[in-house]
Amino acid sequence: MMRNMKLTWYPDPVLRRRAKDIAEFTPELAARVETMFEIMEGEGGIGLAAPQAAWGARVFVTRIPAGEVEGPRRVYVNPVVVSAEGRDEAEEGCLSFPDIRARIVRHARVVLRAQDLEGRPFEEEAAGLGARCWEHEIDHLDGILFITRFKAGDLLQAKPKLLELEEKHAARTRAGRKART
Ligand SMILES: [Zn+2]
0 MMRNMKLTWY
10 PDPVLRRRAK
20 DIAEFTPELA
30 ARVETMFEIM
40 EGEGGIGLAA
50 PQAAWGARVF
60 VTRIPAGEVE
70 GPRRVYVNPV
80 VVSAEGRDEA
90 EEGCLSFPDI
100 RARIVRHARV
110 VLRAQDLEGR
120 PFEEEAAGLG
130 ARCWEHEIDH
140 LDGILFITRF
150 KAGDLLQAKP
160 KLLELEEKHA
170 ARTRAGRKAR
180 T
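Going by numbering that gives the first Met the number 0, the first residue of the sequence shown is number 0, and it counts up by one from there.
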């Protein structure tokens, strides 16, 4: 586990920042990615973007289940959407927003270009849940929170839980400040 990495929750400011490209493919990158998998798997998630692990880098990891079978560990560094088509609406959640879910419209099929942990470029295609997860994670890298894609009624319904998360964050920030003085 990398010491300075942990799951970040809304409204942590790191979630609103545009993440930076990875330029060097070092053992530290691999160690950070391993920590991302540990965080994601510990929470039972199927995808995690680096900002959700307090790291402002353009990296995300996935484990997309295939039916009942647990999916393989996949890493995407500096991902770029090459093409996206179709329309698919389904319920979505986010590890940074515990207990908040809503139906969101995404593309049905996505082609992605990215690099692996050695910097080798590759292209991959996904449909359905896989495509949805990629778009969700790339949103994270651009500082876009999934609640901004909620329908007005769903956002209104999520409001009390969002306020609760904002209060918890404020309390943590206050506690952190006290600990430093
Ligand atoms: Zn998310």
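For each residue, glycine too, the CB sits at the ideal point set by N, CA and C.
Judging by CA-CA distance, which residue of the options is the nearest neighbour of residue i?
i	options	result
Glu40	Pro71, Leu28, Arg176	Pro71
Leu93	Ile45, Gly85, Arg108, Val76	Reading the sequence as shown, one finds Cys at residue 93 and not Leu. Ranking Ile45, Gly85, Arg108, Val76 by Cα distance to Cys93 puts Ile45 first.
Gly66	Val79, Gly127, Ile99, Leu155	Gly127
Whole angstroms is fine: what's the gap from residue i's alpha carbon to residue j's?
i	j	result
Ile63	Cys132	8 Å
Ile38	Val74	14 Å
Phe96	Pro26	30 Å
Val81	Phe36	25 Å
Glu134	Arg105	7 Å
Ala178	Asp87	46 Å
Ala174	Trp54	21 Å
Leu154	Gly118	39 Å
So is the beta-carbon of residue i under 7 Å away from any non-hydrogen atom of ligand 1?
i	result
Cys132	no
Phe145	yes
Leu94	yes
His106	no
Gln51	yes
His139	yes
His135	yes
**Report entry** Three-pair Cβ contact test at 8 Å for the segment 120-136 versus the segment 101-112
**Finding:** yes
Query raised in the report: Are there three or more Cβ pairs, one per stretch, closer than 8 Å when the segment 8-23 is compared with the segment 161-174?
Result: yes
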